[in-house]
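Peer 1: Okay, here's the structure, questions in a sec.
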Amino acid sequence: MSFTLLSSPLQGFTEFRFRNAVHKYFGGIDTFYAPYIRFNNKPEISSKYQRDLQLENNHVPDLIPQVMTNSADEFITAVKYIRSLGYKELNWNLGCPYPMVTKKGMGSGLICEPSKIDKILDRVHAETDVIVSMKMRMGYLEPTEILDTFPILEKYPIKSIAIHARIGKQLYKGGVDLESFQRCLDTSKTKLYYNGGHHYGCRF
Numbered sequence: 038m039s040f041t042l043l044s045s046p047l048q049g050f051t052e053f054r055f056r057n058a059v060h061k062y063f064g065g066i067d068t069f070y071a072p073y074i075r076f077n078n079k080p081e082i083s084s085k086y087q088r089d090l091q092l093e094n095n096h097v098p099d100l101i102p103q104v105m106t107n108s109a110d111e112f113i114t115a116v117k118y119i120r121s122l123g124y125k126e127l128n129w130n131l132g133c134p135y136p137m138v139t140k141k142g143m144g145s146g147l148i149c150e151p152s153k154i155d156k157i158l159d160r161v162h163a164e165t166d167v168i169v170s171m172k173m174r175m176g177y178l179e180p181t182e183i184l185d186t187f188p189i190l191e192k193y194p195i196k197s198i199a200i201h202a203r204i205g206k207q208l209y210k211g212g213v214d215l216e217s218f219q220r221c222l223d224t225s226k227t228k229l230y231y232n233g234g235h236h237y238g239c240r241f
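Going letter by letter, the sequence shown gives residues 38 to 241 in our numbering.
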């Protein structure tokens, strides 16, 4: 069985110097994801994100920018910026579990709003040519929340979904929910990747 190994981002740790070092000294990562772009009510890409995504700073085989937002306007602003650098794909973070994020209806706090997800994806696909992939959790309060998003996501050409097999309220505590992850595999028509532990084998 062959595996595709993705490197998930961690704010403050996995910026370009970290990614370059991992690739140079260890290797084995097929795709790196950059820490998410966040706007904080400002319609501009901060210099921190710009520096991290500049092509000349990155020496890895495949790097995908990420955005965390609940706004179609912000999403499209991020798309225009990353496309100007030559990136073709943008990963949407619906996985972050931290309360300062979820209380604003972002990260895993957005999973329970399929209609809002639909409206954002509709505009993004209507107004841009970006390839969209997703990072998600099983839900925020319940592991079944993600199942309600699948019919929405399957309306669009989502490249893949990496699913952290916990709910947002868990943060990073407790065990992963392999039963619920298997339910996702059985339900979704989109390509799925597993995230959250190192002990699971299944079809991907």
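All C-beta atoms, glycine included, are put in the ideal place defined by N, C-alpha and C.
In whole angstroms, give me the CA-to-CA distance for E111 and P80.
Peer 2: What you label residue 111 is simply residue 74 of the sequence shown in a count that begins at 1. What you label residue 80 is simply residue 43 of the sequence shown in a count that begins at 1. The straight-line gap from Cα to Cα measures roughly 7 Å.
Peer 1: Mind checking whether V116 and T68 have CB atoms under 8 Å apart?
Peer 2: Along the sequence shown, one-based indexing puts residue 116 at 79. Along the sequence shown, one-based indexing puts residue 68 at 31. No.
Peer 1: Taking buried to mean at least 16 other C-beta atoms within 10 Å of its own C-beta, is N232 buried or exposed?
Peer 2: Taking the sequence shown and counting its residues from 1, one reaches residue 232 at position 195. Buried, by the Cβ-count rule.
Peer 1: Ignoring anything shorter than 3 residues or poking outside the stretch 144-217, list the beta strand (DSSP E) runs there in chain order.
Peer 2: Those beta strand (DSSP E) runs which fall completely within the stretch 144-217 and span 3+ residues are 168-176, 198-204.
Peer 1: Given this structure, state the Cα-to-Cα distance separating D185 from G65, to the nearest angstrom.
Peer 2: If you number the sequence shown from 1, residue 185 lands on position 148. If you number the sequence shown from 1, residue 65 lands on position 28. Going from the Cα of D185 to the Cα of G65 covers about 34 Å.
Peer 1: Would you mind reading off the limits of the beta strand (DSSP E) that contains N130?
Peer 2: Numbered from its first residue, the sequence shown carries residue 130 at position 93. Per DSSP, N130 belongs to the beta strand (DSSP E) from 126-131.
Peer 1: Rounded to whole angstroms, what's the CA-CA distance from K228 to F50? Just pull it up for me.
Peer 2: On the sequence shown, position 191 is the one that residue 228 refers to. On the sequence shown, position 13 is the one that residue 50 refers to. If you take the alpha carbons of K228 and F50, they lie about 27 Å apart.
Peer 1: How far does the beta strand (DSSP E) with L122 in it reach, from first residue to last?
Peer 2: Translated into positions along the sequence shown, residue 122 becomes position 85. No beta strand (DSSP E) holds L122; the alpha helix (DSSP H) holding it covers 109-122.
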